[in-house]
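Undergrad:
Number of protein chains: 2
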Amino acid sequence: MISDERPVANRAPQDLAARVLAGEMRAAARAMRLVDDRTSGYLDLLKVLYPHTGRAWIVGVTGTPGAGKSTLTDRLIEHERKRGRRVGVVAVDPTSPFTGGAILGDRIRMQRHFLDPQVFIRSLATRGHLGGLSRSAGDVIRVLDAYGCETIFVETVGVGQDELEVTRLAHTTIVVMAPGMGDDIQAIKAGILEVADVFAVNKADRDGADSTVRDLEQMVAQTRETAVAAASASSHSAGHAHRYAREERAAGGPWEPPVVKTIAVKNDNIGALFAACDAHRTYLETTQDGARKREERAREELATIFRDTLLTEAALRVGEQQEAAVARLLRREDDPYTVSEALVRVLLGGGSA
Amino acid sequence: MISDERPVANRAPQDLAARVLAGEMRAAARAMRLVDDRTSGYLDLLKVLYPHTGRAWIVGVTGTPGAGKSTLTDRLIEHERKRGRRVGVVAVDPTSPFTGGAILGDRIRMQRHFLDPQVFIRSLATRGHLGGLSRSAGDVIRVLDAYGCETIFVETVGVGQDELEVTRLAHTTIVVMAPGMGDDIQAIKAGILEVADVFAVNKADRDGADSTVRDLEQMVAQTRETAVAAASASSHSAGHAHRYAREERAAGGPWEPPVVKTIAVKNDNIGALFAACDAHRTYLETTQDGARKREERAREELATIFRDTLLTEAALRVGEQQEAAVARLLRREDDPYTVSEALVRVLLGGGSA
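Chains as they are written, first to last, in my numbering: chain A, -2 to 350; chain B, -2 to 350.
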């Protein structure tokens, strides 16, 4: 019996992995803690679990603050539980040392599911360094996947770069909006259009719901026209776009995010929202676009882990030299471009840059 | 005479740098384009300019969409021009291939300054890769600084991770809010509290302005109490916090972000906002906290450039191997952790991780 406090060593990752794969809830909890804290041995654990991943359907839930994401996620969990599925939830909280836990309190709405052994909820705080969050979230998702969660929700707050990175981990991303955003749709649409597979206009009994739906549908239509124009423009020079367009037609055209009105607090239209998500899943599994997206996810997954591994190792090897250079920079005796090139040369050898 | 289209070569970066330092506007425009596009020779240009940077005051302007950041920035530019200062503006736009330019249109409010040769406005779109934006923004700021801009505004849309990274480039960051955000302050406060040096509650003639001011002031007070509690708790074990607290007292206590009501469209209270910013500048220049912040900025600057240099070089050296691994990952023949370790070993040699 391994103590919960001691770092995993020797055969321990294999043993823990076997218990996770056997569906032991406490083992899964422990594995996620190890992975999130990056306790020694966590990489071996992930390597053993990885071949058993890839079965879960990962659904991202993001959108503007106050749109009711937590309540909606709660309803989606309920929906999946009624289908008999084991559910995982990764709740990403932009907490800080100053305000730790402020937003987590909001998640109280999901708490009734804490008692359900078939629902596994894990909160993740944003990391200090760039891209660290999506690495950690990816690792936790892989544990949930190996543990046998059939549907995994990834809920993020806000539409910042970090959250957008996290939604790339999802197969299907729901973007939740509330009516009455007005100009704000204009301001945030750049980010959300790229990630939305399904739009939920929640709190749909409020004034302005129809106009928000119309705005979103217009955005989707505009994107379609822009894409068609771009494809036809570049098909003259290359032919790639032309072939692409042909493939798309063969596959029934590209996916266009449907807009679904919901009232999460009243459990209203959640079935329709899920039907839209299911349709997107089918689309991904049966079309060339889906194959492309799977490939893109694998590429992202590797890039995130590689970047993190490289920067961690670089910090170990030249962190002290980097720190020593700061004083020289403050005295303007050196410039950060020359210092960076020199550090990269120390690390990689040869004539870099 | 160097053609505008040809990449810089040989002595060209030095020549261009000399013209930038002499205050030639067209040279500065060209230098920024080179730096933003990373045209060959841009690094040499930055190396020559760097020793001439460090004189500008960099003011970040961020906040929620619809709070009136662009109008406020316009007023701040006006204010600085009346003080006879040369002004630079870096406007960060989260544009995307789909919606390119949507937000830029909003910047029309600043356009009257386009005709002023002492105001230099440069828009930057968000980059594809993580951290790329803050690298580019930093490089452009350094060109504006060397060119002789005395105050440089960095305006960002939204409070995502990417924008937060960009505000780290600033000496003084103004966070702009509008009244009537309600619960949203709760949701976004985690991010903004860490970056705000001054709060502007804009559109202060609207309902709810006083309550927004009160909410923000309460947040600031709460942070102070948390910090004091944390310092006194850890001073028992270490003593660092105790010494820190002593230093803070000697320096007149830590900075607490003031909250200033403004009505940018009516040019109301802009002077008071600027006075708060000036006070923060004085604080930075005359206290130990300021010295710490300067050191932290130099550290961040180096870390950003080093990370970017390393990842760019790594992509050149193992990008093809990384791409080749994606197919194996899709077939589950390999796991991304093992692949990443192997790639890092190829790059760095020795027993990594």
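For glycine and all other residues, C-beta sits at the position ideal for the given N, C-alpha and C.
Just to confirm my understanding: we take P10 of chain B, look at its own chain, exclude 5 residues before and 5 after, and list those with CB closer than 7 Å. What are they?
TA: Residue numbering aside, residue 10 of chain B sits at position 13 when the second sequence is read from its first letter. Correct list, in chain order: G38, D41, L42, V45.
Undergrad: Is the Cβ of G20 of chain A closer than 8 Å to any Cβ of chain B?
TA: The sequence position of residue 20 of chain A within the first sequence is 23, counting from 1. By this cut-off, G20 of chain A is not an interface position.
Undergrad: In terms of DSSP beta bridges, what is I55 of chain B paired with?
TA: Residue numbering aside, residue 55 of chain B sits at position 58 when the second sequence is read from its first letter. Bridge partners of I55 of chain B: B:I149.
Undergrad: State the DSSP-derived secondary structure class of R203 of chain A, mapped to helix, strand or coil.
TA: Position 206 of the first sequence, counting from 1, holds the residue named residue 203 of chain A. If DSSP states are grouped into helix, strand and coil, R203 of chain A belongs with coil.
Undergrad: Could you please give the first and the last residue of the uninterrupted alpha helix (DSSP H) stretch that includes I171 of chain A?
TA: As a working note, residue 171 of chain A is residue 174 in the first sequence. I171 of chain A -> not in any alpha helix (DSSP H); beta strand (DSSP E) instead, spanning 169 to 174.
Undergrad: Report yes or no: is there a C-beta of chain B within less than 8 Å of the C-beta of T153 of chain A?
TA: Along the first sequence, one-based indexing puts residue 153 of chain A at 156. T153 of chain A does not count as touching chain B.
Undergrad: Under three-state DSSP, which class holds R119 of chain A?
TA: Mapped onto the first sequence, residue 119 of chain A falls at position 122. In this structure, R119 of chain A counts as strand in the three-state DSSP scheme.
Undergrad: Starting from K79 of chain B, trace the alpha helix (DSSP H) in both directions and tell me its first and last residue.
TA: In the second sequence, residue 79 of chain B corresponds to position 82, counting from 1. Start and end: 66 to 79.
Undergrad: Take V333 of chain A and list the residues in its own chain whose beta-carbon comes closer than 7 Å to its own, dropping the five residues that flank it on each side.
TA: Stepping through the first sequence from its first residue, residue 333 of chain A is reached at position 336. In the sequence on display, residue 333 of chain A carries Pro and not Val. The residues are L326.
Undergrad: Looking only at its chain, what residues have a beta carbon closer than 6 Å to the beta carbon of T153 of chain A, apart from the 5 residues adjacent to it on each side?
TA: Taking the first sequence and counting its residues from 1, the one referred to as residue 153 of chain A is at position 156. Taken in chain order, the residues that qualify are T59, V89, E160, V163.
Undergrad: Check this for me: beta carbons of E77 of chain A and T148 of chain A, under 8 Å apart or not?
TA: Translated into positions along the first sequence, residue 77 of chain A becomes position 80. Translated into positions along the first sequence, residue 148 of chain A becomes position 151. In contact: E77 of chain A and T148 of chain A (Cβ atoms closer than 8 Å).
Undergrad: For chain B, check one thing: does any of its Cβ atoms lie closer than 8 Å to the Cβ of Y334 of chain A?
TA: As a position in the first sequence, residue 334 of chain A is number 337, starting the count at 1. Answer yes: the Cβ-Cβ gap between Y334 of chain A and chain B drops below 8 Å somewhere.
Undergrad: Check whether chain B comes within 8 Å of I138 of chain A, counting only Cβ atoms and requiring the distance to be less than that.
TA: Here residue 138 of chain A corresponds to residue number 141 of the first sequence, with the count starting at 1. Closer than 8 Å: no.
Undergrad: Going straight from the alpha carbon of A193 of chain B to that of R328 of chain B, what length do you get?
TA: The residue you call residue 193 of chain B lines up with position 196 of the second sequence. The residue you call residue 328 of chain B lines up with position 331 of the second sequence. Their backbone Cα atoms lie some 48 Å apart in a straight line.
Undergrad: Output, in sequence order along the chain, the residues in the region 317 to 332 of chain A whose CB is closer than 7 Å to any CB in chain B.
TA: Per Cβ criterion, the list reads Q319, A322, V323, L326, L327, R329, D332.
Undergrad: On the DSSP bridge list, what partners appear for F196 of chain B?
TA: Translated into the one-based positions of the second sequence, residue 196 of chain B becomes position 199. For F196 of chain B, which the question treats as bridged, DSSP gives the partners B:V172, B:V256.
Undergrad: Could you list which residues in chain B have their beta carbon closer than 7 Å to that of F303 of chain A, in chain order?
TA: Position 306 of the first sequence, counting from 1, holds the residue named residue 303 of chain A. Neighbours of F303 of chain A on chain B, chain order: Q319, S337, L340.
Undergrad: Nearest-angstrom Cα distance between V84 of chain A and V116 of chain A?
TA: Taking the first sequence and counting its residues from 1, the one referred to as residue 84 of chain A is at position 87. Taking the first sequence and counting its residues from 1, the one referred to as residue 116 of chain A is at position 119. About 5 Å.
Undergrad: With 16 as the cutoff for other CB atoms within 10 Å, does D202 of chain B come out buried or exposed?
TA: Residue 202 of chain B sits at position 205 when you count from the first residue of the second sequence. By the 10 Å Cβ count, D202 of chain B comes out exposed.
Undergrad: Would you verify that the beta carbon of A238 of chain A is, or is not, closer than 8 Å to some beta carbon of chain B?
TA: Residue 238 of chain A sits at position 241 when you count from the first residue of the first sequence. For A238 of chain A, the predicted model reports a pLDDT of 47, less than 50, meaning its position is unreliable; a value from the coordinates is still stated below. No, its Cβ sits nowhere closer than 8 Å to a Cβ of chain B.
Undergrad: Below 7 Å CB to CB, which residues in the same chain sit around G65 of chain B once its five sequence neighbours on both sides are set aside?
TA: By one-based count along the second sequence, residue 65 of chain B stands at place 68. These residues qualify, in order along the chain: V173, A175, N199, K200, A261.
Undergrad: Around the C-beta of T284 of chain B, are 16 or more other C-beta atoms found within 10 angstroms, so that it is buried, or is it exposed?
TA: Position 287 of the second sequence, counted from the first residue, corresponds to residue 284 of chain B. Under this definition T284 of chain B is a buried residue.
Undergrad: Check each candidate in B:A134, B:G287, B:L281, B:I267 and name the one with the smallest Cα separation from D71 of chain B.
TA: Position 74 of the second sequence, counted from the first residue, corresponds to residue 71 of chain B. When each option's Cα is compared against that of D71 of chain B, the closest is B:I267.
Undergrad: How should E317 of chain A be labelled, buried or exposed, when 16 other C-beta atoms within 10 angstroms of its C-beta is the threshold for buried?
TA: As a first step, residue 317 of chain A must be located in the first sequence, where it is residue number 320. Classification for E317 of chain A: exposed.
Undergrad: So with Cβ pairs under 8 Å, would you call A269 of chain A a contact of chain B?
TA: Numbered from 1 along the first sequence, position 272 holds the residue referred to as residue 269 of chain A. With 8 Å as the cut-off, A269 of chain A does not count as an interface residue toward chain B.
Undergrad: At what residues does the alpha helix (DSSP H) containing S337 of chain A begin and finish?
TA: Counted from its first residue, the first sequence places residue 337 of chain A at position 340. Start and end: 333 to 345.
Undergrad: Starting from the Cα of G57 of chain B, find the closest Cα among B:L213, B:A197, B:K79 and give me that residue.
TA: Taking the second sequence and counting its residues from 1, one reaches residue 57 of chain B at position 60. Ranking the options by Cα distance to G57 of chain B, first place goes to B:A197.
Undergrad: So is T284 of chain B in contact with chain A if we call contact Cβ pairs under 8 Å?
TA: In the second sequence, residue 284 of chain B corresponds to position 287, counting from 1. Judged by the 8 Å Cβ criterion, T284 of chain B is not in contact with chain A.
Undergrad: Shortest alpha-carbon distance to G81 of chain A belongs to which of A:A269, A:Q319, A:P114?
TA: Mapped onto the first sequence, residue 81 of chain A falls at position 84. With distances taken between Cα atoms, G81 of chain A lies closest to A:P114.
Undergrad: Alpha carbon to alpha carbon, how far is D207 of chain A from T68 of chain A?
TA: Taking the first sequence and counting its residues from 1, the one referred to as residue 207 of chain A is at position 210. Taking the first sequence and counting its residues from 1, the one referred to as residue 68 of chain A is at position 71. Looking at the two C-alpha atoms, the distance is approximately 21 Å.
Undergrad: Count the other C-beta atoms from every protein chain shown that fall within 10 angstroms of the C-beta of K263 of chain A, then say buried if there are 16 or more, exposed otherwise.
TA: For the purposes of this step, residue 263 of chain A is identified with residue 266 of the first sequence, where counting begins at 1. K263 of chain A comes out exposed.
Undergrad: Determine, using beta carbons only, whether A295 of chain B comes closer than 8 Å to chain A.
TA: As a first step, residue 295 of chain B is located in the second sequence; it is residue number 298 there, counting from the start. Yes - at least one Cβ of chain A is within 8 Å of the one on A295 of chain B.
Undergrad: When burial is assigned at 16 or more other CB atoms within 10 Å of the CB, is A53 of chain A buried or exposed?
TA: Numbered from its first residue, the first sequence carries residue 53 of chain A at position 56. That one is buried.
Undergrad: Classify T220 of chain B: buried if its beta carbon has 16 or more other beta carbons within 10 angstroms, exposed otherwise.
TA: As a position in the second sequence, residue 220 of chain B is number 223, starting the count at 1. Classification of T220 of chain B: buried, given that the 10 Å Cβ count is 16 or more.
Undergrad: Using 8 Å as the limit for Cβ to Cβ distance, is R221 of chain A near chain B?
TA: For this step, residue 221 of chain A is matched to residue 224 along the first sequence. Closer than 8 Å: no.
Undergrad: Below 8 Å on the Cβ atoms is my contact criterion, and I expect L299 of chain A with V323 of chain B to pass it. Report the Cβ-Cβ distance as a whole number of Å.
TA: Taking the first sequence and counting its residues from 1, one reaches residue 299 of chain A at position 302. Taking the second sequence and counting its residues from 1, one reaches residue 323 of chain B at position 326. Yes, they are in contact, since the Cβ atoms of L299 of chain A and V323 of chain B sit about 6 Å apart, within 8 Å.
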